[in-house]
Amino acid sequence: MPLAWLVLAATKNRRDLFATDPYAPGDFSLLTNLGEVFAYDDGIFGRWLANSLLYTVVGSTLSALISVACGYAFHAYEFRHKEKLFGVVLAGILVPATVLQLPLYLMASAAGAVNTYWAYLVPALVNPFGVYLARVFAEGYVPDEVLAAARVDGAGELRLFAHVSFPMLWPGFVTIFLFTFTAIWNNFYGALTMLNDERLYPVSLGLFMWNRSVYQQPELYPLVITGSLVAVIPLVLAFLGLQRFWRSGLTAGAVK
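Taken in order, the sequence shown gives residues 1 to 256; the numbers are from the UniProt record's numbering.
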């Protein structure tokens, strides 16, 4: 129902938004609203959208690669305190992200990285849940016999991971990528803590700032609504485009 309201409200102008039934279609002003969204304040919304795509695509790709590599290492190698280290990873899953924002801010401030792309991007690379999920995938997808055979054939460890194990772990990589993509795209509190320059805002924080100003600037109501609809589209496209890998990943190990 909220999504249906969002779609219908985006087709209305500011007058119809408050004068008509919430679930009644408007006068189909969607294209007009879209033009106003991308033209307002010299097109700042387009920059916010580009920032969000940069944060999420780069952050999700690197985070998924790091998680898959770590999960594969926990599966393929034996080393001292292996299970204890994995217990630390599991403990990291239990810590709420909001609890970490103040320490992360202090660390970024000490490093002089506050109000930069790095302050928002680097913390997103650490994903304990992704490491846990990657180990589960590695145990289900990468047989020890295949690793042993590749080593006998002379494959080095990097080649073994890149050319033998990673193709087997591709569904797991995509699954972790999608989870991380959604988490970074919706990471409003991290952006609110780390960023002050509106040119660096992701779309979620930018829309929040617009929404705070609607009482002084009522013309922003349609822009916030239409911008929110646009902000949902990349998530929908990501899941539709990668759903076959995501489905196969979620069912890994379900049938033996």
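Even for Gly, the Cβ is constructed at its ideal location relative to N, Cα and C.
{"query": "Helix, strand or coil for Ala-24? Go by DSSP, reduced to three states.", "result": "coil"}
{"query": "Buried or exposed, going by whether 16 or more other CB atoms sit within 10 Å of the CB of Met-1?", "result": "exposed"}
{"query": "Alpha helix (DSSP H) containing Leu-6: first to last residue?", "result": "2 to 9"}
{"query": "Rounded C-beta distance between Leu-192 and Val-37? I'm assuming under 8 Å.", "result": "Wrong, their Cβ atoms sit about 21 Å apart, outside the cutoff."}
{"query": "Any idea if Val-255 is buried or exposed, counting beta-carbon neighbours within 10 angstroms, 16 or more meaning buried?", "result": "Any reading at Val-255 must be qualified, since the residue scores a pLDDT of 39, below 50, and its modelled position is unreliable; the value itself is stated next. Classification for Val-255: exposed."}
{"query": "Excluding the five sequence neighbours on either side, which residues of its own chain have a C-beta within less than 7 Å of the C-beta of Ser-60, listed in chain order?", "result": "Phe-177, Thr-180, Phe-181 and Ile-184"}
{"query": "With a 10 Å radius around its C-beta and 16 neighbouring C-beta atoms as the bar for buried, classify Asn-127 as buried or exposed.", "result": "buried"}
{"query": "Relative to the C-alpha of Ala-91, which residue among Ala-4, Val-131, Ala-50 and Asp-16 is closest?", "result": "Val-131"}
{"query": "Between the Cα of Ser-63 and the Cα atoms of Leu-17, Asn-211, Gly-241 and Val-174, which residue gives the shortest distance?", "result": "Val-174"}
{"query": "Measuring CB to CB, does Gly-87 end up less than 8 Å from Phe-137?", "result": "no"}
{"query": "Mapping DSSP to helix, strand and coil, what is Asn-127?", "result": "coil"}
{"query": "Ends of the alpha helix (DSSP H) at Ser-52?", "result": "44 to 76"}
{"query": "Hey, out of Leu-133, Phe-129 and Phe-161, whose CA is closest to Asp-144's CA?", "result": "Phe-161"}
{"query": "Can you round the beta-carbon distance between Ala-24 and Leu-17 to whole angstroms, since I take them to be within the 8 Å contact cut?", "result": "No, Ala-24 and Leu-17 are not in contact; Cβ-Cβ is about 11 Å, not under 8 Å."}
{"query": "Around the C-beta of Arg-15, are 16 or more other C-beta atoms found within 10 angstroms, so that it is buried, or is it exposed?", "result": "exposed"}
{"query": "Ser-165 by DSSP, collapsed to three states: which one?", "result": "helix"}
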